[in-house]
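*Asks:*
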Amino acid sequence: MAKVITQSGFTGKEIAQPATTFSLFTRPTAKTGLVSWLTTVDHKKIGMLYGGFAILFFLIGGIEALMIRTQLMVPNNHFVSAQLYSELFTMHGTTMIFLAVMPLNAAFFNLLIPIQVGARDVAFPRLNSFSLWVWVVGAILLNVGWISHFVPSWNFGGAPDIGWFGYAPLTSKAFTPDLSTDFWVLGIQVLGVSSIVASLNFIVTIINLRAPGLTMMRLPVFTWMALVTSFLLVLALPAIAIALIMVMFDRNFGTNFFEVSGGGQPILWQHLFWVFGHPEVYILILPPMGYVSEILPTFARKPLFGYPIVVFSGVAIGFIGFGVWSHHMFTTGLGTVATAAFALATMAIAVPTGVKVFNWIGTLWGGRIVTRVPMMFALGFIWMFMMGGLSGIMHSAAPADAQQQDSYFVIAHFHYVLIGGATFALLAAIHFWFPKFFGRMVPEFWGKVSFWVIFAGFNATFFPMHFLGLNGMPRRTWTYDSNMGWNEGNLFATCGAYLLGLGMFTYFAVLVWSYFKGEKCGNDPWDARTLEWSIPSPPPEHNFAAIPTVHARDAWWYEKTHKEEIAQEKAAHIKAEESHGGIHMPDQSWYPLFAAAGLLVGAYNFAQLHYPVTMFGQQVLASHLPLAITGLGLMVAACYLWALEGPGGYHLHIDAEGKVTESRGDHH
Amino acid sequence: MSSPAANGHLDHHHDHTTSTGIPNKKLLWWAFLASDCMFFGALISSHLVYRLNPPPGNAVPTQVFNIELTSFSTFILLMSSLLMALAVNAIQKGNVKSTRTMLLGTIFFGCIFLGGQVFEFTHFVADKHMTLSNSIFGSTFYTLTGTHGTHVAIGVLLLGMMYVRTFKPTHGGSLGRNFLHLLAFAAAAGVAFLFFVPGLLEVIEGESLRAMLSHDAKPLLLGAIACAALVWFARTSNPAVEFGEKNAIDVEAIGLYWHFVDIVWIIIFTAVYLLEYL
């Protein structure tokens with residue numbers, strides 16, 4: 001690696017290796033290869049890893065969904081057993097929410113936020129790496145139970161089978177005595193830690209790392225929605241953390257939080273779960289609203305209509321989102337006052353959502369609409385999300401909800417919001433930002449083919465479910481009798497699901513093809529408006545040669561129309577930065593990965609605390625406690641070494657021809 | 669990054685490198701504390717919900733509590749916040765030595781509080797027969813106050829790590845020594861709140877000093893050795909250290925956490941203990 005001081009203005013006294021005094025491991029410096037990915041602190045690499053893992057789990061969750069639909073295709077089917085069916089719908093929901101949509105959003109937070117605010121990385125790069133690896137730990141814990149189906153000696157009792165909501169008392173030892181529920185509890189807990197840590201990082205990044213001139217009311221709408229989402233995560237996840245701790249204590253230490261015989265009340269779980277669970281719905285949908293708010297203006301060739309209103313509606317949604325949780329519990333007998341209050345709040349939250357829809361329509365109105373693939377998905381989002389929203393309003397009427405509760409009508413509703421809404425927007429976003437991060441375009445024709453197949457397949461799958469639900473078909477049912485009048489609807493939905501699967505396969509296959517063979521593109525293939533399009537595709541490690549000064553809401557649009565002014569400003573910024581020692585970059589680190597590995601060892605063993613440890617059929621330890629403590633110790637040790645190691649860092653210097661050199665020595 | 673020896677020249681209330689002027693670490697901790705508010709909010713409200721809907725045979729709080737002891741340890745925890753504030757003040761003036769003293773003071777007061785909790789839990793289980801599992805009051809009480817105690821213990825660990833870190837020399841030094849130093853700290857703090865403070869409280873409650881020294885002899889000996897090691901490490905360390913005024917934000921960040929845990933205790937003490945005596 002080149003360590004050259006090229007500029008006379010460099011303030012470092014001597015050239016040195018990364019400080020090794022207080023680190024157990026030499027600080028990694030690899031820029032390519034496995035080590036560079038494992039130890040990366042670069043927000044773009046972390047975003048790619050989040051995205052890659054999320055797409056993997058999106059496909060796994062999709063396969064689970066297709067197995068569910070195959071089982072329901074015809075009445076009295078025995079494609080899968082009832083037990084496996086429970087595992088499938090539990091893991092389908094858990095996977096799609098926690099391991100597909102949330103990390104895909106996290107991927108875009110990582111990829112876009114630092115660039116959109118004009119920064120070189122997030123505020124705490126090593127913490128960001130820690131969030132990623134902790135997320136991987138959670139994903140492993142949730143899915144480890146599948147091994148039991150293939151290797152019976154790993155007796156975890158299969159995958160979790162308690163529904164993604166894990167209602168008490170189904171989670172008590174009496175009903176799920178095996179380990180699957182313990183792994184579910186710890187898996188969700190660990191994912192929560194990952195989300196909270198990541199959100200804290202993004203909150204600080206957005207509030208504190210904005211480029212000069214970038215006021216809060218000039219932030220791109222996506223970044224605004226990411227900020228609101230981060231606050232929702234930070235404030236909502238503690239509720240489920242407490243609920244999960246209670247279940248863990250009930251199962252392992254004999255408490256009675258949800259044990260009716262000991263004075264516990266299972267309804268408390270529902271309250272704590274939905275105090276988290278309803279904000280979670282907005283955690284899933286607010287970032288997609290952000291993508292769409294970026295994509296629509298780009299392809300309508302107009303600025304976003306009513307920017308402040310869009311931002312404030314997003315904040316209002318986040319705020320009211322904490323006051324509507326009991327609409328998931330209308331049939332539990334809350335009492336008339338509580339039911340009426342939550343029904344009204346639920347109707348109220350539809351207002352800011354509707355306002356956003358009108359703003360998007362206002363953006364399209366009078367625009368010169370270019371129907372490229374991202375725009376098709378974004379338009380599909382508005383339409384499909386609105387349909388999901390309309391059936392959502394129907395649920396807010398408590399008497400009507402009593403008829404729809406736990407029926408396929410609810411399934412239809414939230415799949416319209418989560419596929420027609422969140423997923424359509426994510427597919428739009430992947431297509432839109434793919435050229436930025438891979439430097440290649442996705443072919444337009446195959447993109448449109450995948451859009452239409454997905455659109456048709458999605459509606460064919462979920463539209464009939466409205467009727468199935470109103471005709472009384474219950475959720476989570478393993479099979480049904482042929483005389484219920486549900487045969488045609490289910491067959492149609494299953495055929496639609498295969499079509500949807502085909503569409504998704506096409507979409508991702510085209511992405512893989514484009515990664516290798518797609519047409520190369522420049523900085524700004526869509527003629528867009530925000531700062532990420534001002535830098536090369538794919539972006540360099542340091543994002544910006546010069547930190548931009550933001551003069552307008554559509555910062556890059558302003559730069560494109562004021563080229564001379566911006567060129568002078570940038571030259572001045574580069575000179576000033578070089579005189580301060582060059583572009584400061586954070587050093588990579590092993591410790592976030594090691595801390596997460598310690599957490600994996602700790603949590604994996606803590607889940608099976610009371611079981612003896614056996615090796616080759618011989619009992620080695622009476623319980624898993626020593627191993628769990630070892631894992632915790634490893635994590636604490638890694639965190640301490642992390643603190644001792646310090647942020648480190650090196651400097652980049654860009655010469656007149658744009659050649660980048662590195663130097664070390666100015667030790668912080 | 670000017671020389672850390674330049675005392676009193678840093679602006680500790682404004683960071684000109686950030687958009688808002690608030691240091692990144694401070695903003696991170698504030699946001700985390702917001703999250704922790706919800707965490708304790710969920711725990712406290714669960715406790716109150718079950719307290720207001722008691723099943724038959726629930727424990728009677730006023731018959732279990734030792735309110736004098738808890739009031740005393742509450743006072744100690746509040747005073748630890750004063751020492752924490754003095755530690756922040758000292759490091760903002762670049763006075764590393766005074767910072768160490770104040771950190772140790774905070775840690776010691778934290779250990780007294782934790783020791784009080786250990787004593788309290790032991791007696792609730794042994795004498796009042798209230799366990800984690802035999803009544804819903806026990807379940808919510810131990811979970812809530814235990815979670816708070818865990819927060820204090822994590823605070824003690826963070827302060828200890830900070831204390832040991834102040835000895836990291838500018839040049840040279842070994843990781844092994846640093847780890848042993850931390851280990852000595854962990855042993856001393858662990859013995860202090862698990863054995864020493866609860867033992868002293870037993871003595872105050874009427875046990876003879878001799879009996880206390882004899883049945884906790886081994887851990888107390890370990891604690892004494894650990895304390896001696898701490899003194900030795902402090903005496904023999906290289907006086908030229910990296911830690912200085914520029915680290916004021918690190919101390920202040922842990923201080924925020926420490927004060928927050930104190931404030932939460934005021935709420936818990938009021939809601940869980942004092943309200944029972946109305």
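Those protein sequence lines, which keep their order, are chains P and G. Counting from 1, one number per residue, gives the positions in the first sequence under my numbering. Counting from 669, one number per residue, gives the positions in the second sequence under my numbering. Each residue gets a CB set at the ideal place from its N, CA and C atoms; glycine is no exception. Given the structure is predicted, the values throughout are model-derived calculations rather than measurements.
1) Taking C-alpha atoms, which residue in P:F57, P:M635, P:Y591 lies nearest to P:A100?
2) What residues from chain P crowd round G:F911, counting only those whose CB sits closer than 8 angstroms?
3) For the stretch 799–824 of chain G, list every residue whose C-beta sits within 9 angstroms of some C-beta in chain P, in sequence order.
4) Quick check on P:V636: does DSSP put it in helix, strand or coil?
5) Only counting the same chain, and skipping five residues up and downstream in sequence, which positions put a Cβ closer than 7 angstroms to that of P:A241?
6) Considering only residues of the same chain and omitting the five flanking positions on each side of P:N208, which have a CB-CB separation below 8 angstroms?
7) What residue range is occupied by the uninterrupted beta strand (DSSP E) comprising P:M96?
8) Tell me the rounded alpha-carbon separation between P:P177 and G:H684.
9) Taking 8 angstroms as the threshold (beta carbon to beta carbon), is G:V717 in contact with chain P?
10) Rounded to whole angstroms, what's the CA-CA distance from G:C895 to P:A243? Just pull it up for me.
11) How close, in whole Å, do the beta carbons of P:Y650 and P:D587 come, if the pair is a contact with beta carbons under 8 angstroms?
12) Is G:L898 near G:T811, with beta carbons less than 8 angstroms apart?
13) Starting from the C-beta of P:G472, find all residues in its chain whose C-beta is less than 6 angstroms away, skip the five residues before and the five after it, and write them out in chain order.
14) For the stretch 220–231 of chain P and the stretch 139–149 of chain P, state whether three or more C-beta atom pairs, one from each stretch, are separated by less than 8 angstroms.
15) Any C-beta of chain G within less than 8 angstroms: which residues of the stretch 259–292 of chain P qualify?
16) Taking only beta-carbon atoms, is P:Y650 less than 8 angstroms away from chain G?
17) In its own chain, which residues sit with a C-beta less than 6 angstroms from the C-beta of P:V260, not counting the 5 before and 5 after it?
18) Shorter than 8 angstroms from the beta carbon of G:M829 to some beta carbon of chain A?
19) Determine which residues share a DSSP beta bridge with P:F585 and list them.
20) So the beta strand (DSSP E) G:Q731 belongs to, where does it begin and stop?
21) Report all residues from its chain with a CB closer than 6 angstroms to the CB of P:V4; omit the five preceding and five following residues, and keep chain order.
22) Can you find a CB in chain G that lies within less than 8 angstroms of the CB of P:R553?
23) Among the candidates G:K836, G:L751, G:W698, whose CA atom is the shortest distance from the CA of G:N915?
24) What is the DSSP secondary structure of P:T614, reduced to helix, strand or coil?
25) Would you mind reading off the limits of the beta strand (DSSP E) that contains P:S172?
26) Quick check: the Cα distance between P:T29 and P:S663, rounded to an integer number of angstroms?
27) If you check the beta carbons only, do P:L233 and G:F700 fall under 8 angstroms apart?
28) Could you tell me the distance, in whole angstroms, from the CA atom of P:A119 to the CA atom of P:P303?
29) Taking Cβ-Cβ distances shorter than 7 angstroms, what residues in chain P pair up with G:I690?
30) Cβ of G:T790 less than 8 angstroms from any chain P Cβ?
31) Run through the DSSP bridge pairs and tell me what G:V909 is partnered with.
32) Do P:G421 and P:M384 count as a contact pair if the criterion is CB distance below 8 angstroms?
33) Can you tell me which of the three DSSP states P:P152 falls into?
34) To the nearest angstrom, how far is it from the Cα of G:D704 to the Cα of P:L235?
35) Quick check on the DSSP output: the beta strand (DSSP E) that includes P:S663 runs from which residue to which?
36) Note down, in chain order, every chain G residue with its Cβ under 8 angstroms from the Cβ of P:P612.
*Replies:* Answer, in terms of the structure:
1) The count along the first sequence starts at 1 and reaches residue 100 of chain P at position 100. Of the candidates P:F57, P:M635, P:Y591, the one whose C-alpha sits nearest the C-alpha of P:A100 is P:F57.
2) Counted from its first residue, the second sequence places residue 911 of chain G at position 243. Ordered by position in chain P, no residue passes the 8 angstroms Cβ test against G:F911, which lies about 11 angstroms from the chain.
3) Look at the stretch 799–824 of chain G: the residues with a C-beta under 9 angstroms from a C-beta of chain P are T799, L800, S801, N802, S803, I804, F805, G806, S807, T808, Y810, T811, T815.
4) For the purposes of this step, residue 636 of chain P is identified with residue 636 of the first sequence, where counting begins at 1. In the structure shown, P:V636 sits in a helix (DSSP, three-state: H, G or I).
5) In the first sequence, counting from the first residue as 1, residue 241 of chain P sits at position 241. Contacts found: Q189, G192.
6) One-based indexing of the first sequence puts residue 208 of chain P at position 208. Here the set comprises A123.
7) For the purposes of this step, residue 96 of chain P is taken as the residue at position 96 of the first sequence. Careful: P:M96 lies outside any beta strand (DSSP E) and carries neither H nor E.
8) Translated into positions along the first sequence, residue 177 of chain P becomes position 177. Translated into positions along the second sequence, residue 684 of chain G becomes position 16. C-alpha separation (whole angstroms): 57 angstroms.
9) Here residue 717 of chain G corresponds to residue number 49 of the second sequence, with the count starting at 1. Yes - at least one Cβ of chain P is within 8 angstroms of the one on G:V717.
10) Against the second sequence, residue 895 of chain G aligns to sequence position 227. Against the first sequence, residue 243 of chain P aligns to sequence position 243. Counting only the Cα atoms, P:A243 lies some 40 angstroms from G:C895.
11) Looking up residue 650 of chain P in the first sequence gives position 650. Looking up residue 587 of chain P in the first sequence gives position 587. Contact flag correct, Cβ pair sits at about 7 angstroms.
12) As a position in the second sequence, residue 898 of chain G is number 230, starting the count at 1. As a position in the second sequence, residue 811 of chain G is number 143, starting the count at 1. No, the pair does not count as a contact, with Cβ atoms beyond the cut-off.
13) Against the first sequence, residue 472 of chain P aligns to sequence position 472. Excluding residues within five positions, none has a Cβ falling inside 6 angstroms.
14) Output reads no: the stretch 139–149 of chain P does not touch the stretch 220–231 of chain P.
15) Flagged, chain order: G262, G263, G264, Q265, L268, L272, V275.
16) What you label residue 650 of chain P is simply residue 650 of the first sequence in a count that begins at 1. No, no contact with chain G.
17) The count along the first sequence starts at 1 and reaches residue 260 of chain P at position 260. So the list is empty, once near-sequence residues are dropped.
18) Here the protein chains are P and G, and chain A is not one of them.
19) Here residue 585 of chain P refers to the residue found at position 585 of the first sequence. The amino acid at residue 585 of chain P is misidentified as Phe; the sequence shows Met. Note: P:M585 sits in a beta bridge opposite P:Y650.
20) Within the second sequence, the letter at position 63 stands for residue 731 of chain G. Premise fails: G:Q731 lies in the alpha helix (DSSP H), 729–732, not in any beta strand (DSSP E).
21) The sequence position of residue 4 of chain P within the first sequence is 4, counting from 1. The predicted model places P:V4 with a pLDDT of 37, which falls under 50 and marks its position as unreliable; any figure quoted below should be read in that light. So the qualifying residues of the chain are T661.
22) The sequence position of residue 553 of chain P within the first sequence is 553, counting from 1. No - not a single Cβ of chain G is within 8 angstroms of the one on P:R553.
23) Sequence index remark: in the second sequence, residue 915 of chain G carries index 247 (1-based). Comparing Cα-Cα distances from G:N915 to each of G:K836, G:L751, G:W698, the minimum goes to G:K836.
24) Residue 614 of chain P sits at position 614 when you count from the first residue of the first sequence. The answer is strand: DSSP assigns P:T614 an E or B state.
25) Taking the first sequence and counting its residues from 1, one reaches residue 172 of chain P at position 172. Per DSSP, P:S172 belongs to no beta strand (DSSP E) and is neither H nor E.
26) As a position in the first sequence, residue 29 of chain P is number 29, starting the count at 1. As a position in the first sequence, residue 663 of chain P is number 663, starting the count at 1. The straight-line gap from Cα to Cα measures roughly 13 angstroms.
27) What you label residue 233 of chain P is simply residue 233 of the first sequence in a count that begins at 1. What you label residue 700 of chain G is simply residue 32 of the second sequence in a count that begins at 1. The answer is no: Cβ separation not under 8 angstroms.
28) As a working note, residue 119 of chain P is residue 119 in the first sequence. As a working note, residue 303 of chain P is residue 303 in the first sequence. Distance between the alpha carbons of P:A119 and P:P303 is about 23 angstroms.
29) Within the second sequence, the letter at position 22 stands for residue 690 of chain G. Within 7 angstroms of the CB of G:I690, the CB atoms of chain P belong to N208, in sequence order along the chain.
30) Residue mapping note: residue 790 of chain G aligns to position 122 of the second sequence, counting from 1. Answer no: the Cβ-Cβ gap between G:T790 and chain P never drops below 8 angstroms.
31) If you number the second sequence from 1, residue 909 of chain G lands on position 241. DSSP links G:V909 through a beta bridge to G:P837.
32) Along the first sequence, one-based indexing puts residue 384 of chain P at 384. Along the first sequence, one-based indexing puts residue 421 of chain P at 421. Cβ atoms of P:M384 and P:G421: closer than 8 angstroms.
33) Residue 152 of chain P sits at position 152 when you count from the first residue of the first sequence. Three-state result, P:P152: coil.
34) The residue given as residue 704 of chain G occupies position 36 in the second sequence. The residue given as residue 235 of chain P occupies position 235 in the first sequence. So the alpha carbons of these two residues sit roughly 8 angstroms apart.
35) In the first sequence, the residue the question calls residue 663 of chain P occupies position 663. Per DSSP, P:S663 belongs to the beta strand (DSSP E) from 660–663.
36) Translated into the one-based positions of the first sequence, residue 612 of chain P becomes position 612. Against chain G, a Cβ distance below 8 angstroms from P:P612 picks out nothing, because the smallest value is about 22 angstroms.
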